[in-house]
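Data block below; observations after.
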Amino acid sequence: MAAYILRRVLLMIPTIFGILLISFAIVQFAPGGPVERVLAQLQGLDAGATSRFGGGGDMGANAQASGGGEGSSAYRGSQGLDPKFIAEIEKQFGFDKPAYERFFIMLKNYLSFDLGHSYFRDVPVLKLIKERLPVSISLGLWMTLLSYLISIPLGIRKAVRDGSTFDTWTSAVVIVGYAIPSFLFAILLMVLLAGGSFWNIFPSRGLYSDNFEQLSFFGKVLDYLWHITLPVTAMAIGAFATSTFLTKNSFLDEIKKQYVQTARMKGLSENQVLYGHVFRNAMLVVISGFPSAFIHAFFTGALLIETIFSLEGLGLLSYTSIVDRDYPVVFANLYIFSLLGLVVNLISDLTYTWIDPRIDFETREV
């Protein structure tokens with residue numbers, strides 16, 4: 161097993177390299193960029209961009225002091241600005257170097273987890289990620305845990321009572337929950353339970369109360385759970401549909417096999433057959449879907465929920481960074497999520513051997 165883990169870890173290196181290389185190449189051809197965003201601010205076309213290298217007014221004054229000549233730059237919005245001033249902006253952002261040099265500098269820094277400095281926020285990228293990480297971990301872990309705690313027992317029950325009224329009605333409820341987007345559930349929950357038009361039971365924003373630091377340990381736990389209830393519920397309502405049907409179909413396939421009939425003929429009870437023989441084999445398929453479910457909950461599925469409940473997580477940070485062309489934050493998040501996805505996939509494979517020791521990855525190629 162140690163040799164297999166080593167091979168998988170070594171395989172992560174070219175995988176992450178390829179992901180970053182393709183993403184970096186795509187960004188080079190994307191319209192706009194941090195330099196154009198600053199130039200647009202100088203021309204009064206983008207009031208939202210504030211670079212860490214100076215405010216809009218300071219840069220405008222610097223531009224005028226630079227001569228205000230007719231620049232020959234290819235950047236949009238560079239008319240009337242001195243080319244020397246534009247070159248200074250490029251140097252401050254690191255765009256005075258060739259693309260391949262910037263890419264390898266980024267890789268070198270990433271090896272030591274030096275994720276750079278945000279273009280438009282006056283903080284290091286690593287600090288930004290550390291600040292947003294608790295929110296994303298909370299949403300991802302609780303949603304995945306809650307959805308699996310619901311879907312696995314429900315899927316097993318549906319397999320045992322396949323074709324019954326219970327199976328039919330639960331399938332209809334699960335499908336409806338899956339069909340309705342999670343952000344609509346989030347809005348509904350806010351209207352009903354967060355002081356919208358009915359009850360004001362749960363908070364509508366944030367992960368903690370303003371007086372969180374003054375609370376006792378038990379009070380902090382309750383305050384945290386009080387804030388996370390609505391976002392996690394909104395995400396989990398439609399998230400367990402796939403794993404529920406996957407669990408049901410997996411158990412149905414195993415129940416029809418010969419070893420189950422043999423176990424029943426030996427006089428074992430239905431629970432002994434189901435949980436002593438079928439469960440271990442059927443759960444292998446369910447576990448294989450855990451990495452994608454976790455990553456989806458950790459990033460993609462949380463974006464709108466973070467926006468609705470004003471939660472500053474990595475999903476919202478990544479989205480706003482893409483819109484703002486804050487490339488250090490974009491690539492740092494991509495690097496973190498790629499690394500996280502590869503590690504979770506490895507953990508998923510190792511879980512196979514824990515559930516079924518007959519699986520031996522040592523004898524298989526990666």
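Its first residue numbered 161, the sequence shown is counted upward by one per residue in this note's numbering.
Ideal placement from N, C-alpha and C gives every residue a C-beta, glycine not left out.
Based on the DSSP secondary-structure assignment, which residues constitute the bridge partners of HIS277? Under the DSSP definition of a beta bridge, HIS277 partners with PRO284.
Between the C-alpha atoms of GLY120 and TYR338, what's the straight-line distance to the nearest angstrom? Look at the range of the chain in this structure, 161 to 526, and you will see that residue 120 is not part of it.
Tell me, to the nearest whole angstrom, how far the beta carbon of GLY192 is from that of ARG485; I am working on the premise that it is less than 8 Å. Taking 8 Å as the upper bound for CB-CB distance, GLY192 and ARG485 are in contact here, some 6 Å apart.
Can you tell me whether THR325 is buried or exposed, with buried defined as 16 or more other CB within 10 angstroms of its CB? Burial is judged here by how many other beta carbons sit within 10 angstroms of a residue's own beta carbon; THR325 has fewer than 16 and is exposed.
Spell out a yes or no on whether the stretch 388–406 and the stretch 300–318 are touching, meaning 3 or more CB-CB pairs, one atom from each, closer than 8 Å. Contact holds: three or more Cβ-Cβ distances are below 8 Å.
Quick check on this structure: which residue in THR511, VAL489, ARG281 and THR513 has the alpha carbon closest to the alpha carbon of PHE273? Answer by Cα proximity: VAL489.
DSSP beta-bridge partners for ALA354? Answer by DSSP bridge pairing, in chain order: ASN360.
Helix, strand or coil: which one does DSSP assign to SER369? SER369 carries a coil assignment under DSSP once its states are collapsed to helix, strand and coil.
Roughly how many whole angstroms lie between the Cα atoms of ALA200 and LEU506? A straight-line Cα-Cα distance of about 45 Å links ALA200 and LEU506.
Measure the Cβ-Cβ separation of THR467 and LEU476 and say whether it is below 8 Å. Between THR467 and LEU476, the C-beta spacing is below 8 Å.
Report yes or no: do the stretch 433–444 and the stretch 409–418 share at least 3 C-beta pairs separated by less than 8 Å? Yes, since at least three Cβ pairs between the stretch 433–444 and the stretch 409–418 fall closer than 8 Å, the two stretches touch.
Cβ separation of PHE532 and ILE465, assumed to be a contact under 8 Å, to the nearest whole Å: Nothing about residue 532 can be reported from this structure: the residues present for the chain run from 161 to 526 only.
Sorted by chain position, which residues of the same chain lie with C-beta nearer than 7 Å to LEU170's C-beta, five sequence neighbours on each side aside? The beta carbon of LEU170 sits closer than 7 Å to no other beta carbon from its chain once the five residues preceding and following it are set aside.
Three-pair Cβ contact test at 8 Å for the stretch 172–184 versus the stretch 492–502: Yes: the two stretches touch, three or more of their Cβ pairs being nearer than 8 Å.
According to DSSP, is PRO191 helix, strand or coil? Under the three-state reduction of DSSP, PRO191 is assigned to coil, being neither helix nor strand.
For ILE176, does the three-state DSSP call read helix, strand or coil? In this structure, ILE176 counts as helix in the three-state DSSP scheme.
Could you check which residue in VAL420, LEU349, LYS417 and GLN421 has the C-alpha nearest to that of HIS387? Checked all of VAL420, LEU349, LYS417 and GLN421; the closest Cα to HIS387 is LEU349.
Looking at the secondary structure, which residues open and close the alpha helix (DSSP H) in which GLU261 lies? Counted as a single uninterrupted DSSP element, the alpha helix (DSSP H) harbouring GLU261 occupies residues 259–271.
Excluding sequence positions up to five away, which residues of its chain have a Cβ less than 6 Å from the Cβ of LEU180? Scanning its chain for C-beta atoms nearer than 6 Å, with the 5 sequence neighbours on each side dropped, one finds no residue around LEU180.
Compute the distance between the beta-carbons of THR404 and SER311, then report whether it is under 8 Å. It is a contact, given that the beta carbons lie within the stated cut-off.
8 Å CB neighbourhood of GLU527 in its chain, flanking five on each side removed: Because the chain in this structure spans residues 161 to 526, residue 527 falls outside the shown range and cannot be described.
Secondary structure at PHE469, three-state DSSP: helix, strand or coil? Coil at PHE469, not helix or strand.
Could you say which of LYS417, ARG168 and GLY379 lies nearest to VAL433 if we only look at CA atoms? Comparing Cα-Cα distances from VAL433 to each of LYS417, ARG168 and GLY379, the minimum goes to LYS417.
Does DSSP put LEU428 in a helix, in a strand, or in coil? Of the three classes helix, strand and coil, the one that applies to LEU428 here is coil, per DSSP.
Does the beta-carbon of VAL295 have 16 or more other beta-carbons within 10 angstroms, so that it is buried, or is it exposed? Looking at its Cβ environment, which holds 16 or more other Cβ atoms inside 10 Å, VAL295 is buried.
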